[in-house]
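FYI, the numbering used here numbers position 267 of the sequence shown as 281, with every residue one higher than the one before it. This report refers to the structure that appears directly beneath it.
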Amino acid sequence: MLRKALKVVSWIGAGIIVLAVVVFLAAMNIEVVQDRLVANAVQRGVLAGLDDDWGGDKLEVAFCGTASPMGNGPSAQQCIGVLAGDKFFIVDAGARSAARANEIGLPMGRLNGVLVTHFHSDHISALGEMHLASWVRGRPSKLDVYGGPGINQVVDGFNMAYGLDYGYRIAHHGMAVLSPANAGLKARLINAPETGAVTIYEEDGLKISAFTVPHPPITPAYGYRFDYRGRSVVISGDTKKSGRLAAAAQNADVLIHEVLQPQLVKTITDALDTAELDALSKLLTDTLDYHTTPVEAAEVANAANVDTLVFNHFAPPPPNAIAERIYMRGVKQVRPQGAVLSKDGMRITLPPKTGDGPGIIEISGE
Ligand SMILES: [Zn+2]
Ligand SMILES: [Zn+2]
């Protein structure tokens, strides 16, 4: 009797679920329901974009792109947002990075500038989109773009290519919405020394310095260091293993270091060789001599006595958890505390130090 009753109840339950699915699918075809659901989602997105809790008394890092040009994964190419106080800079602007910066809610309207490490395409190709994303959100001046000798050529080229776009948008939306005075990129030339570092920005407690790294035959190639309220973040730029980088990163809280995993590169070149794609294979093989392996990056972090080592600019971007493990091969043997693999959307927060001990480092979106 009890068994029969349970059977009836379970049939009724299954019937309710089927009915709910049918009602749900039917509702999805009703236009007013579609409009309501989309409006709710859009409103949530717009309000989230206004929620600017970046920086303040903290030094913060947001990854708006972690990939190199290698591979076709979903990650954006090189892009790192650094926020401190009311200041906001982006280091490098590779393909897809402006879209990623918007997606993770970076406050583009108050972007103070883009710092370019060097002029490989995966570091500059989204400069035009960074311009648009910040201009339409009310950036109060032209977009400063910092870089070594060559920056004028890059900035002039983008301004020429996007000049018509600037004009179209001003004509269509009006000068009150898109100020012509704020349209365009403005080159800020940095001459970093061969050794040591040069301060390129110092305001309201935020100091940014630039230093030279070896990425032959590309010169100049720079890394950047950010210091704010006793906390510090260093970004390697593209580089071979470098003592100059270790010197510039001395005692930093966070070192964000580019990495190339030679075993993964070999796996790709083997496949290209089998397919007789010789030019592509050579191109990839050539990259081995101007990047840093994860183990070498760990050695640099040790020499610099940094607290937290973060890998980024993955060559190639790891497509899954197994490839991520390959990136960590040998790292713990050199550096027992290991390293963090950056991901698009990851955020690192460094609140001001309160005592003598090491400061807090919060990482979200791992
Ligand atoms: Zn690169
Ligand atoms: Zn490069």
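Backbone N, C-alpha and C fix where the C-beta goes; we use that ideal spot for every residue, glycine too. Model, not experiment: these values are computed from the prediction.
Three or more beta-carbon pairs separated by less than 8 Å are not found between the region 61-71 and the region 310-320, which leaves the two stretches without contact. For ligand 2, residues qualifying as neighbours are His134, Asp252, where qualification means a beta carbon closer than 5 Å to at least one of its heavy atoms (chain order). Exclusion of the five residues before and after Val248 leaves Arg239, Ala263, Ala266, Leu269 as the residues of its chain whose Cβ lies within less than 6 Å of its Cβ. Assigned with DSSP and collapsed to three states, His187 falls in helix. Annotated three-state conformation of His145 is helix, per DSSP. For the pair Gly171 and Pro234, the CB atoms are not nearer than the 8 Å cut-off.
The DSSP-derived three-state label of Phe240 is strand. The DSSP-derived three-state label of Ser135 is helix. Apart from the 5 residues on each side of it in sequence, Ile214 sits with its Cβ closer than 7 Å to the Cβ of Tyr160, Ile204, Ile222, Ser223, Ala224 in its chain, given in chain order.
Each of His229, Leu146, Arg202, Pro83 was checked against the Cα of Arg183, and the nearest Cα belongs to Leu146.
Runs of the alpha helix (DSSP H) spanning 4 or more residues and lying entirely within the region 31-75 occur at 45-64, in chain order. In chain order, Ala107, Phe172 place their CB closer than 6 Å to the CB of Leu141, counting only its own chain and leaving out the 5 sequence neighbours on each side. Distance from the Cα of Ala197 is smallest, within the candidate group Gly210, Gly373, Ala175, for Ala175.
A Cβ-Cβ distance of about 6 Å is found for the pair Ile94 and Phe77, placing them in contact under the 8 Å criterion. Contact between the region 293-301 and the region 349-356 is not established, with fewer than three Cβ pairs separated by less than 8 Å. For Glu117, the three-state secondary structure derived from DSSP is helix. In the structure shown, the three-state DSSP call for Gln91 is strand. With a cut-off of 7 Å, the C-beta of Ser82 is classified as near ligand 1, since at least one heavy atom of the ligand falls inside that distance. Around the beta-carbon of Glu45, fewer than 16 other beta-carbon atoms lie within 10 Å, marking it exposed.
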